[in-house]
Amino acid sequence: MAEVSTLSPSPPALGDPHAAPSVPPSSSALAAPSNPAPESARELPVPKSSLYSDKALTGNTLAALSGGSPLTSHPPSSPPNLTAETPLPSSVHEDAPQSASLMSGTLESLSGLGEDGSSVGSDSEINGLTVRRTDKYGFLGGNQYSESGEKEVRVEVARQREMKWLDMFSNWDKWIKHRFQKVKLRCRKGVPSSLRAKAWQLLSNSQELLNANPGKFEELEREQGEAKWLDIIEKDLHRQFPFHEMFAARGGHGQQDLYRILKAYTIYRPDEGYCQAQAPVAAVLLMHMPAEQAFWCLVQICEKYLPGYYSAGLEAIQLDGEIFFSLLRRTCPMAYRHLKKFKIDPILYMTEWFMCIFSRTLPWSCVLRVWDMFFCEGVKIVFRVGLVLLKQMLGSVDKLRELQGMYETMERLRNISPDTIREDILVQEIITLPVTEALIERECSIQVRKWRESRGELTHQPGRRLHGTRAIYEYKRRPQQRKIRPSFPPCHSRIMKREAEQKKRSGAQKTPETERVINIKNGMAS
């Protein structure tokens, strides 16, 4: 695993947005600039991502997500040339009071971390630098750092699971077609970490997209890209998991690959461009697979699993917020009444949960388990996780006694303590919660009708969403059913209507022209 070479208490400086493009540094050796800018000339860092911005904290989450930074006219078309030794930004997790102490304790106390899968870089002691250790997921600290006391799977059990998954990989289509329930069960148990990248690609069908588009990612990389998106992407890079070794270094290989993926998507889907919630999703994918594979996996998430979530206007996430609130009334009436009492709209707390697929919310072991199930079963899992969290936080009289207003409730929802969430209990409640795909679709139809009555027509089409691996598999196997049938020529319809009116008035028999039109129509229908 990579390592952080230096750490300093001072926050990092953002790159000058008006600076000229520079050649991206090598991922293997990133040198510091020969003439670094003085401290006074540096820009102040953005303390939080837009998901944690002032707009979001005051309730206007949609404005925070859709609002961008000031745009430049000539942003770089390649990854920004930032130094690799910029310190970890301590301000990114200001919303988590224990982040600083966790970070300090992690880096200063290195005892007792070597037996639990933590890593030490091979060159960590060169030039007398302090050794930096990570947890087994690559985190140096922060809220998602995993302590050494976590339960470990025995080696024999892990090897057996790997062999079962390798057997499924060798006959994937047959397993999906004939034994999908077994695939789903194994995803719920957790995908082996050594095979997670391959499993996610097969579950999402991104592997097939990759094979069908050789060289497409490199082609997108070579294009210039749109100025407004590239500037925002560059400013967002350092905000993504700053306590993870892959993204801790400014200008490191993780940030470069993240830039490549997000830029490529804005060119691949210029109608959508870039949404800031895509960055953490792409970062999670990059932790498990190379950039090209992560790109196609991101495409599937945006187009098949969560279509419309990252489009302008965010209609899809608003619609799902109404669906979510209605499902909450069914599954946890106490939490529903509490939120209704203080007029806390679902969009205020569930936007980040859903759009980032809980990657900023849960302990990392729980994030991976949720993503395993999400790739297999689709957005149903996202709804279930959100409902389970609300049930755990607001589902009893004792818990609500401490929350006497909107502010206290929002603080609880925005700052979920990782100590209160146990992986095994969370997964079990997700599996057993009675929220099905059919229930979500039925509620979706109701909310779409209400939306049209109150706000007008939707630009987003809810029917585009596919519920997981099985739905994607069936969709790609029915291309002939998705072809648009030719419409009947308007002139024939007019002839038929005219002849019918004449027949009604005079009782006349069908004319040869009418017979010809009827025969044509019947032939096309067959």
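To convert, note that position 137 of the sequence shown is 137 in full-length UniProt numbering; the numbers rise steadily by one, no gaps. Heads up, the beta-carbon is just placed ideally off N, CA and C, and yes, glycines get one too. It should be emphasised that the depicted structure is a prediction, and the values quoted were computed from it without experimental measurement.
For residue i, which residues in the same chain have their Cβ closer than 8 Å to its Cβ, ignoring the five residues on either side in sequence?
{"i": "R329", "result": "Y336"}
{"i": "K189", "result": "R161"}
{"i": "W451", "result": "L319, E322, L458"}
{"i": "Q201", "result": "Q207, L210, M289, Q293, W296, C297"}
{"i": "W172", "result": "L202"}
{"i": "E443", "result": "I323, S326, L327"}
Answer yes or no: the CB of residue i versus the heavy atoms of the ligand ATP, is any distance below 7 Å?
{"i": "R455", "result": "Among the components of this structure there are no ligands whatsoever, and the ligand ATP is therefore not found."}
Which partner residues of residue i appear in the DSSP bridge assignment?
{"i": "H244", "result": "F139"}
Using a threshold of 8 Å, state whether the C-beta atoms of residue i and residue j are closer than that.
{"i": "A277", "j": "Y305", "result": "no"}
{"i": "C187", "j": "M406", "result": "no"}
{"i": "L230", "j": "L258", "result": "no"}
{"i": "I430", "j": "R360", "result": "no"}
{"i": "E162", "j": "P192", "result": "yes"}
{"i": "L319", "j": "A248", "result": "no"}
{"i": "I421", "j": "L368", "result": "no"}
{"i": "G254", "j": "L286", "result": "yes"}
{"i": "residue 537", "j": "F375", "result": "Nothing in the structure corresponds to residue 537, since the chain is present only between 1 and 526."}
{"i": "T436", "j": "K391", "result": "no"}
{"i": "G386", "j": "M334", "result": "no"}
{"i": "L400", "j": "H460", "result": "no"}
{"i": "V448", "j": "P434", "result": "no"}
{"i": "M355", "j": "I317", "result": "yes"}
{"i": "G138", "j": "E245", "result": "yes"}
{"i": "R260", "j": "E221", "result": "yes"}
{"i": "K198", "j": "F217", "result": "no"}
{"i": "residue 528", "j": "Y274", "result": "Past the edges of the chain, shown from 1 to 526, lies residue 528, and the structure says nothing about it."}
{"i": "I425", "j": "K380", "result": "no"}
Can you give me the Cβ contacts of residue i inside the same chain, cut-off strictly under 6 Å, excluding the 5 residues immediately before and after it?
{"i": "E377", "result": "G468"}
{"i": "P307", "result": "R464, R465"}
{"i": "V284", "result": "S359"}
{"i": "V370", "result": "F358, V385"}
{"i": "M393", "result": "R412"}
{"i": "Y473", "result": "I176"}
Could you tell me if residue i is buried or exposed, where buried requires 16 or more neighbouring beta carbons within 10 angstroms of its beta carbon?
{"i": "N205", "result": "buried"}
{"i": "S365", "result": "buried"}
{"i": "P242", "result": "buried"}
{"i": "T134", "result": "buried"}
{"i": "A312", "result": "exposed"}
{"i": "Q428", "result": "exposed"}
{"i": "P214", "result": "exposed"}
{"i": "R196", "result": "buried"}
{"i": "G251", "result": "buried"}
{"i": "V397", "result": "exposed"}
{"i": "K182", "result": "exposed"}
{"i": "L185", "result": "exposed"}
{"i": "R239", "result": "buried"}
{"i": "Q144", "result": "buried"}
{"i": "I446", "result": "exposed"}
{"i": "V382", "result": "buried"}
{"i": "E272", "result": "buried"}
{"i": "Q404", "result": "exposed"}
{"i": "D453", "result": "Rather than Asp, the amino acid found at residue 453 in this sequence is Glu. E453 comes out exposed."}
{"i": "P270", "result": "exposed"}
{"i": "L348", "result": "buried"}
{"i": "A212", "result": "exposed"}
{"i": "E219", "result": "exposed"}
{"i": "V157", "result": "exposed"}
{"i": "A279", "result": "buried"}
For residue i, collect the residues of the same chain with a Cβ closer than 7 Å to its Cβ; drop the 5 residues on either side in sequence, then sort them by chain order.
{"i": "Y475", "result": "L466"}
{"i": "E223", "result": "I267"}
{"i": "G225", "result": "S77, K263, T266, I267"}
{"i": "R470", "result": "I176, F180"}
{"i": "N60", "result": "With a pLDDT of 49 at N60, under the threshold of 50, the modelled position of that residue is not reliable, and the figure given next carries that caveat. Hits under 7 Å: none found."}
{"i": "V388", "result": "L426, E429, I430, L433"}
{"i": "M350", "result": "G321, F324, G386"}
Please confirm if residue i has its CB atom under 8 Å from at least one CB of chain C.
{"i": "T361", "result": "Among the protein chains of the structure shown there is no chain C, as only one such chain exists."}
Closer than 8 Å is the cut-off here; do at least three beta carbon pairs connect the stretch 310-329 with the stretch 282-299? Because the criterion of three Cβ pairs below 8 Å is not met, the stretch 310-329 and the stretch 282-299 do not touch.
Spell out a yes or no on whether the stretch 406-416 and the stretch 339-346 are touching, meaning 3 or more CB-CB pairs, one atom from each, closer than 8 Å. The stretch 406-416 vs the stretch 339-346: in contact.
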